[in-house]
Amino acid sequence: MHIFGVDIGGSGIKGAPVDLDLGDLAHERHKVLTPHPATPDSVADGVKEVVDHFGWTGPVGITFPGVVTGGATIRTAANVDKSWIDVDARALLSGRLGGLPVTVVNDADAAGVAEVQFGAGRDRQGTVILLTFGTGIGSAVFSDGVLVPNTELGHLELHGHDAETRASTKAKDDHELTWEHWAKRVTKYLAHVEMLFSPELFIIGGGVSRKSEKFLHLIEGITAEIVPAQLQNNAGIVGAAMRAAKAG
302 MHIFGVDIGG
312 SGIKGAPVDL
322 DLGDLAHERH
332 KVLTPHPATP
342 DSVADGVKEV
352 VDHFGWTGPV
362 GITFPGVVTG
372 GATIRTAANV
382 DKSWIDVDAR
392 ALLSGRLGGL
402 PVTVVNDADA
412 AGVAEVQFGA
422 GRDRQGTVIL
432 LTFGTGIGSA
442 VFSDGVLVPN
452 TELGHLELHG
462 HDAETRASTK
472 AKDDHELTWE
482 HWAKRVTKYL
492 AHVEMLFSPE
502 LFIIGGGVSR
512 KSEKFLHLIE
522 GITAEIVPAQ
532 LQNNAGIVGA
542 AMRAAKAG
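Okay, so the sequence shown: first residue is 302 according to this note's numbering, each after it adds one.
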């Protein structure tokens, strides 16, 4: 079965039809730049452009980089325009897509669901935490395969700052950090999360998962196993489609 997935990020909006039997994209994804400011109307236009690219007319799963309650309402908007807060994103996006059925889910939760079903977290018990490193840091926490939604661990305080302002890949780029320097910041962040949750497994997702050979070996002193996301930066698209199929 094919369902469309869209992943709204701080820098790009990307999507494609997903083969839910394989847990992979059915076609090469299409991406547009996230508008700035990333207001509800401008982002909705970007989502429409991605969906229209494929001429899609069925259900659509869409991720959002913030807390989503009830599969619809946006509660936080750290890396997009604050005017998203309290918006009924499901109604807005469905309307922009001509009334197509829409499901909205936190972006890291979507990536985590995909990795637990099809990727690095498959058949893993205990506490598994997926962390997506990109414009910010997203998180998805699982206990014996069951998601605890909207955890937002990227906003844990680390040395007096939001962790994502110190250890996201945006922070790496903004401060022109070497891989070694950035890995030290990630290590401190992982140690803090490990102290709080004692996971058996960390899955590192987001675009940086494609470059795991540059930094994973530099992370030391963490008890939990650390692996890159197998679906890499497509995990959010796959997970969004999974949630749309479940809602339907």
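Every residue, glycine too, gets a C-beta built ideally from N, C-alpha and C.
Collapsed DSSP secondary structure at residue i in the structure displayed
i: V255; result: This structure does not reach residue 255, given that the chain is present from 302 up to 549, and the question cannot be answered.
i: F516; result: coil
i: N451; result: coil
i: I538; result: helix
i: G439; result: strand
i: L282; result: With the chain covering only 302 through 549, there is no way to say anything about residue 282.
i: T470; result: helix
i: E329; result: coil
i: F432; result: For the sequence presented, residue 432 should be read as Leu rather than Phe. In this structure, L432 counts as strand in the three-state DSSP scheme.
i: E458; result: strand
i: S510; result: helix
i: S444; result: strand
i: L532; result: coil
i: L497; result: helix
i: G399; result: coil
CA nearest to the CA of residue i, picked from the options
i: V344; options: A530, N451, T364, D474; result: T364
i: K547; options: D445, G427, I505, A415; result: A415
i: L323; options: T404, Q418, G446; result: Q418
i: V509; options: A545, K471, M543, P500; result: K471
i: P450; options: W357, V405, G359; result: V405
i: R376; options: T358, T452, G313; result: T452
i: G356; options: T335, V487, V369, G316; result: G316
i: G446; options: A545, R330, V429, K349; result: V429
i: P402; options: I538, A536, G306; result: G306
i: K489; options: A468, V381, S499; result: A468
i: V351; options: H331, V369, T370, P336; result: H331
i: I520; options: H456, V487, V361; result: V487
i: I304; options: A327, G310, G311; result: A327
i: I505; options: P529, V361, G399; result: P529
i: G399; options: A545, D346, F503; result: D346
i: E501; options: L457, S444, T370, A484; result: S444
i: T340; options: V361, E329, A379; result: A379
i: G455; options: H476, G507, Q426; result: G507
i: H518; options: G311, K485, V348; result: K485
Buried or exposed (CB count within 10 angstroms, at least 16 for buried), residue i
i: K383; result: exposed
i: R511; result: exposed
i: D342; result: exposed
i: D474; result: exposed
i: T433; result: buried
i: L334; result: exposed
i: G435; result: buried
i: D308; result: buried
i: G540; result: buried
i: M543; result: buried
i: G537; result: buried
i: P318; result: buried
i: G359; result: exposed
i: T549; result: Reading the sequence as shown, one finds Gly at residue 549 and not Thr. Classification for G549: exposed.
i: G371; result: exposed
Beta-bridge pairing of residue i - partner residues as DSSP gives them
i: P341; result: Its beta-bridge partners do not exist; DSSP assigns none.
i: A317; result: G306
i: H476; result: For H476, which the question treats as bridged, DSSP gives no partner whatsoever.
i: F503; result: I430, I527
i: G617; result: What is shown of the chain runs 302 to 549, which leaves residue 617 out entirely.
i: T370; result: T374
i: D463; result: E458
i: L334; result: G313
Any 3 or more C-beta pairs closer than 8 angstroms across the segment 457-465 and the segment 479-499: Short answer: they touch.
Touching by the beta-carbon criterion (3+ pairs, under 8 angstroms), the segment 385-401 and the segment 519-526: Not touching, per the Cβ criterion.
Stretch pair the segment 411-429 + the segment 465-484: three plus CB contacts closer than 8 angstroms: Touching, no, given that fewer than three Cβ pairs across the two stretches are closer than 8 angstroms.
Segment contact flag, the segment 397-412 with the segment 434-446, C-beta cutoff 8 angstroms, min 3 pairs: Yes, since at least three Cβ pairs between the segment 397-412 and the segment 434-446 fall closer than 8 angstroms, the two stretches touch.
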